[in-house]
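2 protein chains.
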Amino acid sequence: MVSIVAACASAAVSPDPPHTLVKTRAAASRLTMDQVLAASKPEDWRAPDPENTLYLDVPAGLVVIELAPQFAPRHTANIRTLVREHYFDGLPIVRAQDNYVVQWGDPEGKKPLGTAARTLAPEFDRELAGLAFHALPDPDTYAPETGFVDGFPAARDRSSGKAWPVHCYAMLGAGRDVAADSGGGAELYVVSGHAPRHLDRNVTLAGRVIFGMDLLSALPRGHGPMGFYESPEQRTIITRVRIAADVPAAEHVELELLRTDTATFDALVEARRNRRDDWFKLPAGRIEVCNVPLPVRVRQVELGRIDALPRQ
Amino acid sequence: MVSIVAACASAAVSPDPPHTLVKTRAAASRLTMDQVLAASKPEDWRAPDPENTLYLDVPAGLVVIELAPQFAPRHTANIRTLVREHYFDGLPIVRAQDNYVVQWGDPEGKKPLGTAARTLAPEFDRELAGLAFHALPDPDTYAPETGFVDGFPAARDRSSGKAWPVHCYAMLGAGRDVAADSGGGAELYVVSGHAPRHLDRNVTLAGRVIFGMDLLSALPRGHGPMGFYESPEQRTIITRVRIAADVPAAEHVELELLRTDTATFDALVEARRNRRDDWFKLPAGRIEVCNVPLPVRVRQVELGRIDALPRQ
Chain U
-5 MVSIVAACAS
5 AAVSPDPPHT
15 LVKTRAAASR
25 LTMDQVLAAS
35 KPEDWRAPDP
45 ENTLYLDVPA
55 GLVVIELAPQ
65 FAPRHTANIR
75 TLVREHYFDG
85 LPIVRAQDNY
95 VVQWGDPEGK
105 KPLGTAARTL
115 APEFDRELAG
125 LAFHALPDPD
135 TYAPETGFVD
145 GFPAARDRSS
155 GKAWPVHCYA
165 MLGAGRDVAA
175 DSGGGAELYV
185 VSGHAPRHLD
195 RNVTLAGRVI
205 FGMDLLSALP
215 RGHGPMGFYE
225 SPEQRTIITR
235 VRIAADVPAA
245 EHVELELLRT
255 DTATFDALVE
265 ARRNRRDDWF
275 KLPAGRIEVC
285 NVPLPVRVRQ
295 VELGRIDALP
305 RQ
Chain R
-5 MVSIVAACAS
5 AAVSPDPPHT
15 LVKTRAAASR
25 LTMDQVLAAS
35 KPEDWRAPDP
45 ENTLYLDVPA
55 GLVVIELAPQ
65 FAPRHTANIR
75 TLVREHYFDG
85 LPIVRAQDNY
95 VVQWGDPEGK
105 KPLGTAARTL
115 APEFDRELAG
125 LAFHALPDPD
135 TYAPETGFVD
145 GFPAARDRSS
155 GKAWPVHCYA
165 MLGAGRDVAA
175 DSGGGAELYV
185 VSGHAPRHLD
195 RNVTLAGRVI
205 FGMDLLSALP
215 RGHGPMGFYE
225 SPEQRTIITR
235 VRIAADVPAA
245 EHVELELLRT
255 DTATFDALVE
265 ARRNRRDDWF
275 KLPAGRIEVC
285 NVPLPVRVRQ
295 VELGRIDALP
305 RQ
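One line per chain: the protein sequences are U and R, in this order.
Counting along the first sequence from 1, when you hit position 226 you're at 220 in the working numbering, and nothing is skipped either side.
Counting along the second sequence from 1, when you hit position 153 you're at 147 in the working numbering, and nothing is skipped either side.
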């Protein structure tokens, strides 16, 4: 006997589910997450824009990041410039603080930035108007309302008319110094622990890791102050960063993300808010934004390429 | 230049802080966490009960767990029996699911349990009466109220008169099968990601990792279903588990934990609810129970033993 705790969201789900329609919210509310995903339709999924998708090569495999230009147009444009001018190639992961963040950049701060900006005006929040904000009804400790915008966990305050992405696991942020405008995307971090929501609206969030997160989260922790590695040989080198649009088709990993503005997504959230399988004795009744899974699947796997795919 | 994001709670703080008094809540509210800790008094700290403290030896070092008999008297007593009869010695960590849990136990379910029970009646919650519940004023998605009991993050429902520990990072739980009474502490898991609060009141929580958490959280992830390792050689072996009370004094790691029922703790929570250092531009104003740091320090480090101490 191996007694277990029930599985959390798996980031990778099997491709090509049968196309059974989820007919109603009432029906959906009795389904498990796996059943909701199995019943999803092709139009419930979306492919990330290759122009806003980063491929990070680390020694253990591939990490894929989706950028969030709807929240950080200046930072994501600057990051694209840095990537295209090979700024990140060969830079180290300098920090891995347990239950907090993994961070990379130029430890000496001397590498030329090319045509990119070193610093930018902050993009901590933005006008709510113009965003398709898909709200959760569930209460949140930190924000008046939470929900999703184009697949990114987010919050809004309708009284101020502002919206902002939130610091859930796997979110990508632009490190900065003390001044609000001292970051620019040359130093980046990914949330690798319990959501540090106190950072919301204090740092520019620019995207989210959508594949290969465990290649960052399982790195050995740094033991210097704030989890910085104490010697260069403890660091992991990011060998190369590319924009998916620039990567030859044969090297693409064809990811699809579950849309967050659909009835299928609502059914998935409900399936996680109130677990229906026999293991759960007391459904939670509510769900916190960072506990909502954001499923990713590999759309097409050609037989000859399976072995080359990084594990997820 | 290395731009950074501000440090999260460090689990280990420097020993022997100066004994400056935190005089008032108003004064405390302007302090940073480091200042609160530096001003703490000896009576703000407590040593865990050696009879309720587990030392887990893994190849990379020592993991220390504080048991929670106030919430799970049957399970913690059974775990102590299992430890004293060497049940866990040599068992593997069988599962490391990214952003969820690390779990260990007997993968074959064949190792004799000695005088310990295989299963126990669940201890998902208990009567609130008799507990010193130190409540947070902050709202929570999942529970009517959250707070701390003897250093453990917890929740209460005054209308039902119940209290229960909550699934924050580093909490220890007893795995079970489908039946509520199918666990007993022979299979244990530790939360290693964003708090899976939907598990609250569905599993018996029996303690918390207070030292060496990164030796579990940075383990390579399993890539089988639910993060189970796919082959035995991927597993990490727990070489030995002991109860601190049974460990020779020379091998003790003298940990002290910040009490959670003091004005100093209230000041620490406020320092984290509203960060006062220049880096923060917008204090959060609220704090979620699993984002409250629970500081641990090493009380006495004899010079000759420094090198033998596991890194934290």
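Every residue gets a Cβ at the ideal spot worked out from N, C-alpha and C, and that includes glycine.
Residues of chain U with CB closer than 7 Å to the CB of residue i, please, in chain order.
i	result
L276 (chain R)	R195, N196
E224 (chain R)	The contacting residues do not exist; E224 (chain R) stays about 10 Å from chain U at best.
For residue i, return the contacting residues in chain U, with the cut-off set at a CB-CB distance below 9 Å.
i	result
S153 (chain R)	Going along chain U, no residue has its Cβ under 9 Å from S153 (chain R), so there is no contact; the nearest lies around 14 Å.
G308 (chain R)	No statement about residue 308 (chain R) is possible, as the shown extent of chain R runs from -5 to 306 and does not include it.
A307 (chain R)	Look at the range of chain R in this structure, -5 to 306, and you will see that residue 307 (chain R) is not part of it.
H246 (chain R)	Ordered by position in chain U, no residue passes the 9 Å Cβ test against H246 (chain R), which lies about 22 Å from the chain.
Rank the options by C-alpha distance to the C-alpha of residue i and give the top, closest one.
i	options	result
R234 (chain R)	R:D28, R:K35, R:G99	R:G99
E181 (chain U)	U:D83, U:R40, U:D260	U:D83
H80 (chain U)	U:V96, U:K35, U:L48	U:L48
P63 (chain R)	R:D92, R:D38, R:F118, R:Q29	R:F118
T26 (chain R)	R:L125, R:L262, R:R229, R:I204	R:L262
P289 (chain U)	U:F205, U:N72, U:A111, U:P67	U:F205
E248 (chain R)	R:T256, R:A239, R:L199	R:A239
G124 (chain R)	R:L166, R:K156, R:A71	R:K156
R170 (chain U)	R:D132, R:D260, R:D272	R:D272
V58 (chain R)	R:E282, R:A66, R:D260, R:D43	R:D43
S186 (chain R)	R:R24, R:V197, R:R215	R:R215
H188 (chain R)	R:T113, R:V77, R:Q91, R:A71	R:Q91
L122 (chain U)	U:S154, U:L107, U:P67, U:I281	U:S154
C284 (chain R)	R:V95, R:Y163, R:D38	R:Y163
L166 (chain R)	R:L251, R:E60, R:A243	R:E60
G108 (chain U)	U:A54, U:D134, U:R78	U:R78
L210 (chain U)	U:G145, U:V286, U:R89, U:R280	U:R89
E227 (chain U)	U:L50, U:P287, U:P101, U:A41	U:P101
A159 (chain U)	U:I281, U:V143, U:D132	The sequence as given places Pro at residue 159 (chain U); Ala does not occur at that position. When only C-alpha atoms are compared, the closest one is U:V143.
I281 (chain U)	R:A137, R:P36, R:G55	R:A137
V286 (chain U)	U:A148, U:H246, U:V241	U:A148
P67 (chain R)	R:R236, R:V95, R:A168	R:A168
Y183 (chain R)	R:E245, R:I87, R:L276, R:R253	R:I87
L308 (chain U)	R:N196, R:R291, R:D260	Residue 308 (chain U) lies beyond the residue range present for chain U, which begins at -5 and ends at 306; the question has no answer from this structure.
F65 (chain U)	U:R120, U:R150, U:V241, U:H217	U:R120
V241 (chain R)	R:E37, R:D38, R:D51	R:D51
D134 (chain R)	U:G279, U:R291, U:V292	U:G279
G221 (chain U)	U:H246, U:V95, U:K35, U:S34	U:V95
S34 (chain U)	U:T258, U:R267, U:R266	U:T258
A173 (chain U)	R:P36, R:V30, R:E37, R:F274	R:F274
D132 (chain U)	U:R291, U:R267, U:R293	U:R267
By the criterion of Cβ-Cβ separation under 8 Å, what are the contact partners of residue i in chain R?
i	result
L213 (chain U)	A212
A174 (chain U)	K275
H128 (chain U)	Here the premise fails: no neighbours, minimum Cβ distance about 17 Å.
R191 (chain U)	A278, E282, N285
If contacts are defined as beta-carbon pairs under 8 Å, then residue i and residue j qualify, I think. What distance do you get, rounded to the angstrom?
i	j	result
R191 (chain U)	H161 (chain U)	6 Å
D194 (chain U)	A115 (chain U)	The Cβ separation is near 18 Å, so there is no contact.
T230 (chain U)	L213 (chain U)	6 Å
N46 (chain U)	G178 (chain U)	Going by Cβ atoms, the distance from N46 (chain U) to G178 (chain U) rounds to 18 Å, so no, they are not a contact pair.
H128 (chain R)	D255 (chain R)	5 Å
L130 (chain U)	G145 (chain U)	Contact doesn't hold; Cβ gap of about 14 Å is too wide.
L251 (chain U)	R74 (chain U)	At roughly 20 Å, the Cβ-Cβ gap does not stay under 8 Å, so L251 (chain U) and R74 (chain U) are not in contact.
T70 (chain R)	A200 (chain R)	5 Å
L56 (chain U)	A110 (chain U)	Wrong, their Cβ atoms sit about 23 Å apart, outside the cutoff.
I232 (chain R)	L85 (chain R)	6 Å
Which bits of chain R does residue i rub up against, with CB to CB less than 7 Å?
i	result
D272 (chain U)	V172
P53 (chain U)	Chain R residues near P53 (chain U): none, gap ~13 Å exceeds 7 Å.
Report the neighbours of residue i on chain R: residues whose CB is nearer than 9 Å to its CB, in chain order.
i	result
H80 (chain U)	Chain R residues near H80 (chain U): none, gap ~20 Å exceeds 9 Å.
P159 (chain U)	Correct list: empty, because the minimum Cβ distance to chain R is about 14 Å.
Quick one: which chain U residues come within Cβ less than 8 Å of residue i?
i	result
R24 (chain R)	Simply none; closest approach about 17 Å.
R269 (chain R)	H192
Residues within the stretch 132 to 151 of chain U neighbouring chain R, beta-carbon criterion of under 8 Å: D132, P133, D134, T135, Y136
Contained beta strand (DSSP E) runs [length at least 3] in the stretch 195 to 249 of chain U, N- to C-terminal order: Counting whole runs of 3 or more residues, the stretch 195 to 249 of chain U contains the beta strand (DSSP E) stretches 198 to 205, 234 to 237.
Interface positions of the stretch 196 to 211 of chain U facing chain R (Cβ-Cβ less than 7 Å), listed along the chain: N196, V197, M207, D208, S211
List, from N- to C-terminal side, the beta strand (DSSP E) runs of 3 residues or more that fit wholly inside the stretch 96 to 170 of chain U. 139 to 143, 146 to 151, 156 to 159, 165 to 168
Chain U contacts made by the stretch 35 to 46 of chain R, where a contact means CB separation under 8 Å: none
Please list the residues of the stretch 280 to 296 of chain U that have a C-beta atom closer than 9 Å to any C-beta atom in chain R, keeping them in chain order. R280, I281, E282, V283, C284, N285
Output the residue ranges of the alpha helix (DSSP H) runs that lie fully inside the stretch 19 to 68 of chain R and measure 4 residues or longer, sorted by chain position. 19 to 22, 27 to 32
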